[in-house]
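All you need for our numbering is the position in the sequence shown, starting with 1, plus 150.
What follows is a short report on a single structure.
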Amino acid sequence: MGLLAGKRALITGIASDRSIATGIAEAMAAQGAELAFSYQGDKLKSRVQAVAERSNGADRIIPCDVADDASIAALAQSLADCWPEGLDIVVHSIGYAPRELLAGGYLESVTREGYAIAHDISAYSFAALAKALRGQLRAGGALLTLSYLGAERAVPMYNVMGPAKASLEANVRYMAAELGAEDIRVNAISAGPIKTLAAAGIKGFRGMLSSAEQASPLGRNVSTAEVGNAASFLCSPLASGITGQILYVDAGYHILGLIGETTKAD
Ligand code: NAD
Ligand code: 0WE
């Protein structure tokens with residue numbers, strides 16, 4: 151029996167086969183979860199359909215732009231129609247800042263409008279989904295979001311996404327504190343760099359991947375399947391005592407105090 155047998159999960163944030171949300175969907179399906187999917191816009195529908203067909207959710211594919219409250223309300227209504235008894239798991243795998251803010255220096259690139267958009271889409275949307283779906287979440291359920299080390303360290307060019315991820319991680323703690331009484335847990339995975347669409351076109355991303363690969367204790371980068379397995383654990387009864395936590399799935403990179411030295415005898 152899978153870790154997630156009998157669980158119903160909403161997966162947001164699939165944009166391609168390489169999306170972290172795709173790895174999570176495949177891992178959760180392999181653990182026996184029943185899935186529903188949301189996608190941002192018409193251009194992404196066919197991508198999500200392909201993943202859904204492989205993961206036993208082909209008839210539960212729902213549009214949702216998290217910038218729009220009416221769209222979030224419509225998602226909640228569609229889920230209530232598919233699953234009148236409620237759902238158990240929500241995976242939030244959504245992040246966005248206007249592209250021009252992810253280049254150059256922080257103070258040079260940041261604007262009032264870009265700051266607001268980054269926080270709205272990348273952080274508030276997690277609370278907004280929880281607010282809209284709260285009444286449908288069953289006891290023993292779990293919410294999960296995706297963060298990055300830039301939340302707590304100044305990573306060159308991550309810029310405004312750093313404060314947005316810091317806000318997202320604070321949301322994890324505030325939501326966990328409040329939803330614990332309903333037996334709903336809230337956690338995040340802080341993933342190491344992975345080449346997805348959100349990473350494509352970021353100047354120097356390839357260099358970042360290879361330096362993380364060289365420096366990390368495991369000597370490699372992580373895969374979306376590894377993030378998916380950790381996500382399955384965190385949303386399963388095996389993690390029933392864990393809430394408000396940020397779990398690093400980064401091959402150990404964040405523990406290091408000095409990059410470029412090694413403890414290996416070489
Ligand atoms: P991705 O581009 O595959 O996924 C990002 C998703 O966000 C897309 O599916 C996109 O449709 C969705 N999205 C953006 N704006 C939206 C909106 N208004 N409404 C609904 N959906 C919207 O990239 P990914 O790397 O899989 O990113 C998923 C999450 O993982 C993000 O939160 C990202 O910050 C986080 N993350 C990524 C990495 C990495 O290196 N790739 C590392 C750590 C954390
Ligand atoms: O969270 C992310 C990426 C987030 C992201 C990516 C884009 C590209 C397309 C947010 N908004 C946009 N807007 C776009 O128009 N990551 C953790 C991946 C990432 O992005 C970086 C990184 C890492 C790691 C940007 C600079 C430095 C490091």
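Heads up, the beta-carbon is just placed ideally off N, CA and C, and yes, glycines get one too.
The structure presented is a predicted model; accordingly, all values stated were derived computationally and were not measured.
Cβ-heavy atom distance, residue i to ligand 2, below 7 Å
i	result
valine 305	yes
methionine 151	no
tyrosine 298	yes
isoleucine 352	yes
proline 313	no
arginine 197	no
alanine 165	no
arginine 249	yes
Integer-rounded CB distance, given that residue j should sit under 8 Å from residue i
i	j	result
isoleucine 161	leucine 185	6 Å
glycine 173	glycine 152	Not quite, the Cβ-Cβ distance comes to about 16 Å (not below 8 Å), so this is no contact.
leucine 159	valine 260	Per the sequence presented here, residue 159 reads as alanine, with leucine not at that position. Not quite, the Cβ-Cβ distance comes to about 35 Å (not below 8 Å), so this is no contact.
arginine 288	glycine 236	4 Å
alanine 419	valine 201	With the chain represented from 151 up to 416, any question about residue 419 goes unanswered, as that position is not in the structure.
serine 390	alanine 177	Actually they do not touch by this definition, with Cβ atoms about 19 Å apart.
cysteine 385	leucine 154	7 Å
Reference residue i; option with closest CA among the options
i	options	result
alanine 254	Leu318, Val310, Tyr246	The amino acid at residue 254 is misidentified as alanine; the sequence shows glycine. Per the Cα distances, Val310.
leucine 283	Asp231, Ser259, Ile352, Ser361	Asp231
glycine 312	Leu329, Ala280, Ala289, Ala247	Ala247
leucine 329	Trp233, Lys281, Leu229, Gly264	Lys281
isoleucine 239	Gly391, Gly410, Pro387	Pro387
glycine 156	Gly290, Arg303, Phe355	Gly290
glycine 285	Glu250, Leu252, Pro234	Pro234
Test item: CB-CB of residue i and residue j under 8 Å
i	j	result
isoleucine 344	valine 305	no
valine 322	glycine 394	yes
serine 272	lysine 315	yes
leucine 347	arginine 204	no
alanine 171	serine 243	yes
leucine 293	isoleucine 334	yes
Ligand 1 heavy atom lying under 7 Å from the CB of residue i
i	result
alanine 224	no
threonine 308	What sits at residue 308 in the sequence shown is tyrosine, not threonine. The answer is no for tyrosine 308.
aspartate 219	no
Specify whether the stretch 333-340 and the stretch 396-409 touch according to this definition: at least 3 beta carbon pairs, one from each stretch, less than 8 Å apart.
As far as the Cβ criterion goes, the stretch 333-340 touches the stretch 396-409, which means the pair count is three or higher.
So, do the stretch 400-410 and the stretch 361-371 have three or more beta carbon pairs nearer to each other than 8 Å?
Inter-segment contact for the stretch 400-410 and the stretch 361-371 is present: three or more beta-carbon pairs are separated by less than 8 Å.
Decide if the stretch 201-215 is in contact with the stretch 260-270; the criterion is three or more beta carbon pairs, one per stretch, under 8 Å apart.
No: the two stretches stay apart, fewer than three of their Cβ pairs being nearer than 8 Å.
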